[in-house]
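With the numbering used here as the guide, the letters of the sequence shown map in order to residues 7 to 171.
Here's the structure, in structure tokens; my notes come after.
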Amino acid sequence: MRIPGLLVLAVGNPSRGDDALGPLFLERLGELRERGGDWDGVELLTDFQLQIEHAVDLEGRSLALFVDASISCPPPYQLTRLRAARDTSYTSHALTPAAVLHVYEQVNRVPSPPAFQLAIRGERFELGEPLGPAAEANLAAALEFAGRLLARRDAESWARWEALP
């Protein structure tokens, strides 16, 4: 079985307002996939939070995109190149993307695949809240940007778009 080259891994809790941005991003990408297009080599994966086990999902990949809501990134979204790093999140529960890359490198004894984080700006994260209108607009912008990312699935191209709104 051939492992898709690009892993899009989105995290978030759909029950916590704008924290649903990651899972909704993936859900809408899935809808686009159903309509057709060049999706060969792309795998979509979602979870509530990143875990040590997600390092296994990176095996055999040529590129990874982590997607999550962020209260600190500028609206509507921000693309950032990731580097493996052992950070304060390094426990058996709820890791940062950098910590997942670090676990990958520790387990496999090779560099992690090139990875980026697409942070989508959110503002309301209370339990039971719906997605806010600003977050919905930011999600739409991030999905449009994702079309450009998916058209050029290589780290060099993605690095040129880093920090561009």
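Quick reminder that beta carbons are idealized off the backbone N, C-alpha and C, glycines included.
| query | Can you tell me whether DSSP reads residue 129 as helix, strand or coil? | reply | Reduced to three states, the DSSP call for residue 129 is coil.
| field | residue 63 - containing alpha helix (DSSP H), residue span | value | Per DSSP, residue 63 belongs to the alpha helix (DSSP H) from 60 to 63.
| DSSP three-state call for residue 163: helix, strand or coil? | Per DSSP, reduced to three states, the secondary structure at residue 163 is helical.
| message | Let me check one thing: in DSSP terms, what residues is residue 102 bridge-paired to? | response | Answer is none; residue 102 lacks a bridge partner.
| message | Do residue 130 and residue 5 have their beta-carbon atoms positioned less than 8 Å apart in this structure? | response | In the structure as shown, the chain begins at 7 and stops at 171. Residue 5 is therefore absent and cannot be evaluated.
| beta strand (DSSP E) segment containing residue 254, residue limits | Past the boundaries of the shown model lies residue 254; the chain is included only from 7 to 171, so the question cannot be answered.
| task | Find out if the Cβ-Cβ distance for the pair residue 48, residue 124 is shorter than 8 Å. | result | Taking 8 Å as the Cβ cut-off, residue 48 and residue 124 do not qualify as a contacting pair.
| message | Please classify residue 113 as buried or exposed, where buried requires at least 16 neighbouring CB atoms within 10 angstroms. | response | When all chains shown are included, residue 113 counts as exposed.
| field | Straight-line Cα distance separating residue 24 from residue 52 | value | In a straight line, the C-alpha of residue 52 is about 16 Å away from that of residue 24.
| field | Distance between residue 68 and residue 4 (C-alpha atoms, nearest Å) | value | Only positions 7 to 171 of the chain appear in the structure, and residue 4 is not among them; the question remains open.
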